[in-house]
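Before any comments, here is the structure.
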Amino acid sequence: MAVNAGIGMAADPRLSIEADVVGSYPNRVLRTLHDPNVTFEEYLHYAKISRADEDRVYGPSSEYAAKKPGVVGRLVPGTQSMLGRFPGLNKETKQDVSIAQSEHGTQLQHFDKETLENPELRRKSLVSPNGETGRHSSGVDTSMISEQEWLSASRAARTATWGAVFYLITTDILGPFSVPWAMTQLGWGPGVSLYTIFGVLAAYSGWQLWKMFLALDSDRYPMKNYGDIAFRIYGNWARYFVNVLQSLQFFLNVGLLILSNGQSISQLSKSHLCFIVCLLVFMIAGFIVGQIRTLAKFGWLANISVWMNIFIIIATMGIVAHSQPNYVASGASYPDLFNTLPNGDPDTDHPAPIMTTAGSAPGLAFTDNVNGLMQAVFSYGGATLFTELMAEMRRPWDFWKGLICADLLIFCCYLFFGCFVYGYQGQYAFNPAYQGIDPYGWQTVGNVFGVITGLIAACLYGNIGIKVLYANIGRDLFNWPVLESRKGKLIFIPFVPIYWALAFVVTVSIPQFSNFSALVGAACILQFTYTFPPILLLGFKAQHDSILPEEKFDPQTGRVERVDNGMKRWIRGLRKDALVNLWDLVYFLGAVVTAILGMYSAIKSMAVNYNSNPNLTGWGCNSPTG
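Residue numbering for the sequence shown follows full-length UniProt numbering, starting at 1 and increasing by one per position.
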């Protein structure tokens with residue numbers, strides 16, 4: 001996940017107005033999702049039923065498969081409507097409803113548009129205040145609705161295809177603008193090699209998450225987010241840890257966007273504005289736009305945002321091929337690249353010749369190399385939302401198709417862009433790249449578009465971050481009302497400026513974009529893509545592979561009779577596929593070491609820059625772009 005994030009054209013699981021439902025949560029039979037008394041075997045039992053049901057309704061031999069769109073239709077999900085939070089209310093989903101009806105003879109007139117679109121009405125229609133099914137506020141007696149009718153309604157609301165997943169993963173990263181700078185820290189050989197290795201490992205981690213989701217998610221016990229996987233394997237402490245870290249990542253992403261767009265505003269003003277004021281301008285814009293509780297209406301803006309970033313990428317490549325680098329910006333952030341004038345400023349009027357290196361450039365420390373590597377972590381950082389994406393799919397088994405296609409596209413496009421710009425600008429490549437081009441007119445175009453897309457992305461991250469905090473702190477600890485209630489809306493209003501103001505404080509204290517992004521990558525993004533998947537899969541396999549043939553789950557009583565419990569059981573499970581499990585353990589430990597090195601390198605580089613570069617010192621008027 002790079003600096004910005006896109007909002008998908010299809011059933012974007014990040015668009016929600018329900019605080020504890022970060023995704024467009026389907027209308028399912030809601031049970032107690034975080035009940036510690038539900039056994040691992042029960043999750044497996046109902047997941048098998050749901051997968052079989054999905055395969056029968058949407059599989060290769062189903063009626064839906066005979067009517068589904070061609071390859072173009074699956075790869076261009078923009079043809080689906082984003083006017084509503086459920087694109088399921090379009091022609092394609094009407095087909096799903098008709099299929100569900102024909103399969104089971106059910107009638108879904110109970111579920112009107114208002115109920116499908118409003119999470120609180122959906123919740124009320126499923127569960128009454130005492131936890132039992134009851135009468136919907138519209139007068140429908142939900143106790144008369146069968147289990148199969150709920151499942152049919154659930155299927156009608158889950159509309160994302162693997163093409164939509166492909167689109168959402170690629171747009172979530174929204175631009176390879178940090179790759180050229182990463183190449184300056186790594187060189188041709190290490191840069192290309194490490195981007196390739198990290199890409200392969202990111203695909204492997206995505207496969208691990210996909211495997212666990214298929215085995216644990218069901219219509220009876222649906223999974224909503226990354227924390228739910230952690231809960232079903234390790235318990236509530238793991239869920240809270242994952243959710244808190246995810247909230248921190250979104251918070252720091254908002255800070256990064258304030259910083260990068262503050263740099264854009266500074267360049268637009270030709271450095272006539274104090275840099276703190278530039279950051280304040282973007283923060284105030286976030287105060288206003290961030291008051292939108294649901295991002296559903298941002299659908300058309302999301303499409304524009306995607307095309308704006310494509311334009312910035314193409315324009316940047318065209319400009320760097322026919323003009324010199326922005327030596328002023330490079331001198332402000334990387335003065336060591338230039339000779340020093342008598343007054344201590346870098347001599348940007350007489351730069352050294354542009355050069356590229358096969359390996360790490362001379363004079364760079366190991367911490368510089370690691371900071372460059374952390375930009376690769378950003379590039380493959382979409383795993384944070386993989387669970388939400390799979391939760392929206394009509395057939396989650398197809399997720400691997402979108403994952404592989406997205407990873408290949410990210411790898412090819414990012415690496416091509418990074419190598420192209422690095423080849424022309426060499427050691428002077430800037431982060432982000434469009435701020436490192438010299439013609440002021442084109443620089444202005446890039447910055448204007450960057451601010452627009454950055455504001456959309458920041459509001460996305462802020463929206464999700466606030467909702468996660470609201471759910472895990474407000475509702476769990478303080479029993480706050482649902483976000484859609486009148487009290488919930490009143491709480492949300494002051495929450496937005498407080499959230500953005502805190503992000504501003506962090507940003508203005510650390511105005512070092514490359515080091516700041518490296519810290520976020522190492523502390524947060526790396527965990528969701530590389531650290532958590534292998535250790536979660538180890539816990540999953542320890543429990544799954546320890547189940548003996550005589551241990552059966554009884555769906556009538558909800559109980560399972562186990563032969564043994566405790567460590568002996570886990571050891572038995574891990575002995576199966578011992579070599580694969582050993583590899584996952586090594587993978588996990590390697591990710592932990594990389595994260596520690598990344599955080600150490602970023603913090604050390606920040607300290608060095610604080611002491612040596614006045615443009616990168618907190619709470620000052622000097623701009624990092626000069």
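Quick reminder that beta carbons are idealized off the backbone N, C-alpha and C, glycines included.
Computed from a prediction, not measured in an experiment: that's the story for all the values here.
C-alpha gap between residue i and residue j, whole angstroms
{"i": "Trp619", "j": "Gln512", "result": "12 Å"}
{"i": "Asp12", "j": "Ala160", "result": "Below a pLDDT of 50, predicted positions are generally treated as unreliable, and Asp12, at 39, falls in that range; the measurement from the model is reported next regardless. Each residue's alpha carbon lies about 8 Å from the other."}
{"i": "Asn615", "j": "Ile491", "result": "38 Å"}
{"i": "Ile473", "j": "Phe250", "result": "16 Å"}
{"i": "Gly163", "j": "Gly363", "result": "45 Å"}
{"i": "Ala361", "j": "Leu337", "result": "11 Å"}
{"i": "Cys621", "j": "Cys274", "result": "4 Å"}
{"i": "Asn339", "j": "Val506", "result": "32 Å"}
{"i": "Lys48", "j": "Ser218", "result": "8 Å"}
{"i": "Asn463", "j": "Arg293", "result": "7 Å"}
{"i": "Asp564", "j": "Asp35", "result": "22 Å"}
Where residue i falls, given that 16 or more other Cβ within 10 Å makes a residue buried
{"i": "Met567", "result": "exposed"}
{"i": "Asn611", "result": "exposed"}
{"i": "Pro549", "result": "exposed"}
{"i": "Pro346", "result": "buried"}
{"i": "Lys624", "result": "The sequence shown places Pro at residue 624, rather than the Lys named in the question. The residue is buried, with at least 16 neighbouring Cβ atoms inside 10 Å."}
{"i": "Asn253", "result": "buried"}
{"i": "Asn609", "result": "buried"}
{"i": "Ile535", "result": "buried"}
{"i": "Met606", "result": "buried"}
{"i": "His322", "result": "exposed"}
{"i": "Thr557", "result": "exposed"}
{"i": "Ile525", "result": "buried"}
DSSP-derived helix/strand/coil call for residue i
{"i": "Met393", "result": "strand"}
{"i": "Arg85", "result": "Low confidence applies to Arg85: its pLDDT is 35, below 50, so where it sits in the model is not reliable, and the reading given next is rough at best. Correct three-state label for Arg85: coil."}
{"i": "Val560", "result": "strand"}
{"i": "Ile292", "result": "coil"}
{"i": "Phe553", "result": "strand"}
{"i": "Ala164", "result": "helix"}
{"i": "Ile354", "result": "coil"}
{"i": "His110", "result": "Unreliable positioning characterises His110 in this predicted model, as indicated by a pLDDT of 42, which lies under 50. The coordinate reading is nonetheless provided below. Note: His110 maps to coil in three-state DSSP."}
{"i": "Ile437", "result": "strand"}
{"i": "Thr340", "result": "strand"}
{"i": "Pro325", "result": "strand"}
{"i": "Pro534", "result": "helix"}
{"i": "Ile310", "result": "helix"}
{"i": "Pro222", "result": "coil"}
{"i": "Pro346", "result": "strand"}
{"i": "Ile547", "result": "coil"}
{"i": "Pro180", "result": "helix"}
Boundaries (first-last residue) of the alpha helix (DSSP H) holding residue i
{"i": "Met283", "result": "275-289"}
{"i": "Asn515", "result": "513-520"}
{"i": "His45", "result": "40-58"}
{"i": "Arg575", "result": "567-575"}
{"i": "Leu616", "result": "Where Leu616 is concerned, there is no enclosing alpha helix (DSSP H), given that its DSSP letter is neither H nor E."}
{"i": "Gly255", "result": "236-268"}
{"i": "Pro494", "result": "486-509"}
{"i": "Tyr334", "result": "First-last for Tyr334: undefined, no H or E at that position."}
{"i": "Ala202", "result": "188-216"}
{"i": "Gln375", "result": "366-379"}
Short Cβ contact (8 Å threshold) for residue i with residue j
{"i": "Val520", "j": "Leu256", "result": "yes"}
{"i": "Leu585", "j": "Leu538", "result": "yes"}
{"i": "Lys552", "j": "Leu574", "result": "no"}
{"i": "Ala602", "j": "Asn515", "result": "yes"}
{"i": "Gln443", "j": "Ala182", "result": "no"}
{"i": "Leu186", "j": "Tyr43", "result": "no"}
{"i": "Ser178", "j": "Phe40", "result": "no"}
{"i": "Asp407", "j": "Ala238", "result": "no"}
{"i": "Ala372", "j": "Trp500", "result": "Note that residue 372 is Gly in the sequence shown here, rather than Ala. Not closer than 8 Å, so no."}
{"i": "Trp397", "j": "Arg56", "result": "no"}
{"i": "Ile169", "j": "Leu403", "result": "yes"}
{"i": "residue 676", "j": "Ser205", "result": "Outside the shown range of the chain (1 to 626) lies residue 676, about which nothing can therefore be said."}
{"i": "Asn261", "j": "Gly450", "result": "yes"}
{"i": "Pro325", "j": "Gln425", "result": "yes"}
{"i": "Tyr587", "j": "Phe411", "result": "no"}
{"i": "Leu209", "j": "Phe386", "result": "yes"}
{"i": "Gly199", "j": "Tyr380", "result": "yes"}
{"i": "Tyr234", "j": "Leu33", "result": "no"}
{"i": "Ile258", "j": "Ala457", "result": "no"}
{"i": "Ala329", "j": "Gly436", "result": "yes"}
{"i": "Met283", "j": "Thr453", "result": "no"}
{"i": "Cys278", "j": "Ile288", "result": "no"}
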